[in-house]
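Engineer:
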Amino acid sequence: MTCVDGVSLGKWALSSTHTRRPWRASMIASGEPAQRAPTITTSKSSTSPSWVLPVVSMPRPVELINGQILARLMAMSTERSRPYHHGDLVRAAIEGAVEEVNTVGVGAVSMRRIARRAGVSHAALAYQFGDKTGIFTAVAAEGFRLQAKTIGGVATGPDGFLSGGQAYVQFAVTHPGYFEVMFRPYLYRADDPALVAAREAAFDLLYGSARASLQAQRKAAVSDDDVLGVAMAGWSIAHGFATLLLTANLPERLQNDPAASVGLLMQGVVTLGDLVRGRA
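As structure tokens, this is what we get:
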């Protein structure tokens with residue numbers, strides 16, 4: 007067995023008198039109190055084999071084993087590893103993103119802000135959506151679904167197109183966060199299948215109500231161009247008015263009473279129609 011200063015390593019390891027502490031000698035020479043060396047004990051049980059390793063009792067670093075620190079670390083570990091249900095995470099992320107848009111504006115929204123608002127981890131959010139574009143894609147798709155539901159309930163019958171226009175403005179006022187994202191295609195993946203389906207369903211309601219209203223007013227056949235023209239005109243008016251309302255660009259008396267302002271808008275549309283017919 008290898009020897010150090012004529013003492014075998016086995017005997018040296020089991021003897022506290024041969025414990026080598028280079029720093030201990032320097033501390034004694036400098037007058038500083040020497041720390042107590044670890045106590046090395048061996049098993050005295052007669053039933054234990056002779057090769058049982060010695061039990062070393064080291065000074066316990068109490069300052070590092072703080073109960074509050076350990077509790078915090080355990081809580082962080084639990085938070086990071088908490089499983090999220092897929093539907094709950096998606097819903098929380100969409101709602102969190104919409105609230106952030108309402109609070110700080112679409113340009114200031116970040117993944118970390120959405121995660122904090124939704125009460126989920128940034129890692130879980132990134133795993134599910136990839137990036138902010140993915141979240142805004144889900145927001146836009148949900149927005150078009152909500153819009154279709156809002157308009158679909160009233161856009162029926164001879165006056166369905168006008169009622170649908172009022173519902174369009176009401177949706178924008180009620181859900182400004184969705185509205186801000188839905189019509190900014192640079193924020194999301196416009197070719198996402200779920201988004202495309204939701205957007206087309208909303209537009210189909212717009213075109214369908216325009217066709218139904220035209221057919222109820224006319225005796226003659228209604229062409230596709232007629233439907234498209236009316237749909238685009240009505241959509242432009244409703245969308246433009248909603249945007250002016252959300253950005254506080256309307257006259258004060260209209261800004262403070264959205265319901266009355268929408269009614270006034272509908273009267274204006276009728277009057278505008280009379281003007282157009284007069285020119286024809």
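Once you know that position 160 of the sequence shown is 166 in our numbering, the rest is easy, because the numbers rise by one and skip nothing.
Cβ atoms here follow ideal geometry from the backbone N, Cα and C, with glycine treated the same way.
(1) Which of helix, strand or coil does DSSP assign to Gly163?
(2) For Tyr194, does the three-state DSSP call read helix, strand or coil?
(3) Extract the residue ranges of the alpha helix (DSSP H) inside the region 209–257, only unbroken runs of 4 or more that lie entirely within it.
(4) Going along the chain, which residues of its own chain have a beta-carbon closer than 6 Å to the beta-carbon of Ala218, five neighbours each way excluded?
(5) Ignore the nearest five residues each way along the sequence and tell me which others in Val268's own chain have a CB closer than 6 Å to its CB.
(6) Please say whether Val179 and Pro264 have beta carbons closer to each other than 7 Å?
(7) Measuring CA to CA, which of Ala144, Ile141, Gly170 is closest to Ala154?
(8) Can the beta-carbon of Val96 be found closer than 7 Å to that of Glu106?
(9) Pull up the distance between the alpha-carbon of Phe135 and that of Phe142, whole angstroms please.
(10) Taking DSSP as the reference, what is the three-state secondary structure of Gln181?
(11) Do Val187 and Val145 count as a contact pair if the criterion is CB distance below 7 Å?
(12) Between Ala248 and Leu212, is the Cβ-Cβ spacing less than 7 Å?
(13) Go ahead and pull the three-state DSSP assignment for Phe189.
(14) State the start and end residues of the unbroken alpha helix (DSSP H) segment that holds Asp280.
(15) Ala98 to Ala121, Cα distance in whole Å?
(16) Between which two residues does the alpha helix (DSSP H) harbouring Gly111 extend?
(17) Determine the direct distance from the alpha carbon of Ala216 to that of Asp230, and round the result to whole angstroms.
(18) Nearest by alpha-carbon distance to Gly279: which of Ala266, His245, Gly240 is it?
(19) Can you tell me the Cβ-Cβ gap for Val183 and Val104, rounded? I've got them flagged as a contact below 8 Å.
(20) In terms of alpha-carbon separation, which member of Ala208, Thr139, Arg283, Leu152 lies closest to Val112?
(21) Tell me whether the beta-carbon of Ala124 lies closer than 7 Å to the beta-carbon of Gly102.
(22) If you draw a straight line from the alpha carbon of Phe209 to that of Gly284, how long is it in whole angstroms?
(23) Take the Cβ of Thr109 as the centre, count every other Cβ of all protein chains shown within 10 Å, and call the residue buried at 16 or more, exposed below.
(24) Taking Cβ to Cβ, would you say Ala204 is nearer than 7 Å to Ala147?
(25) Enumerate in chain order the residues of its own chain whose CB-to-CB distance from His128 is below 8 Å, with the five nearest sequence positions on each side excluded.
(26) Which class does Asp137 belong to by DSSP, given the choice of helix, strand or coil?
Structural biologist: Well, looking at it:
(1) Residue state, collapsed to three classes: coil.
(2) If DSSP states are grouped into helix, strand and coil, Tyr194 belongs with coil.
(3) Within the region 209–257, complete alpha helix (DSSP H) segments of at least 4 residues are found at 230–252, given in chain order.
(4) If we look at Ala218 and ignore the five residues flanking it on each side, its Cβ neighbours are Gly166.
(5) Correct list, in chain order: Gln172, Val175.
(6) Going by C-beta atoms, Pro264 is nearer than 7 Å to Val179.
(7) Closest option to Ala154, Cα to Cα, is Gly170.
(8) Against a cut-off of 7 Å, the Cβ pair of Glu106 and Val96 comes out as no contact.
(9) Going from the Cα of Phe135 to the Cα of Phe142 covers about 9 Å.
(10) The sequence given here places His at residue 181; Gln does not occur at that position. It is coil, neither helix nor strand.
(11) Against a cut-off of 7 Å, the Cβ pair of Val187 and Val145 comes out as a contact.
(12) Contact flag unset, no.
(13) In the three-state scheme derived from DSSP, where H, G and I count as helix and E and B as strand, Phe189 is classed as coil.
(14) Counting along the chain, Asp280 sits inside the alpha helix (DSSP H) bounded by residues 264–285.
(15) Computed Cα separation, rounded: 9 Å.
(16) For Gly111, no alpha helix (DSSP H) segment is defined, and its DSSP state is neither H nor E.
(17) Pairing Asp230 with Ala216, the inter-Cα distance amounts to about 10 Å.
(18) Ranking the options by Cα distance to Gly279, first place goes to Gly240.
(19) First, the amino acid is wrong: residue 183 is Gly here, not Val. The pair is a contact, with the Cβ atoms about 4 Å apart (cut-off 8 Å).
(20) Of the candidates Ala208, Thr139, Arg283, Leu152, the one whose C-alpha sits nearest the C-alpha of Val112 is Thr139.
(21) Remark: C-beta atoms of Ala124 and Gly102 approach each other more closely than 7 Å.
(22) Separation of Phe209 and Gly284 (C-alpha to C-alpha, rounded to the nearest whole angstrom) is 30 Å.
(23) Its Cβ having fewer than 16 others within 10 Å, Thr109 is exposed.
(24) Result yes, Cβ atoms of Ala204 and Ala147 sit closer than 7 Å.
(25) Excluding sequence neighbours, His128 sits near Met117, Arg118, Ala121.
(26) If DSSP states are grouped into helix, strand and coil, Asp137 belongs with coil.
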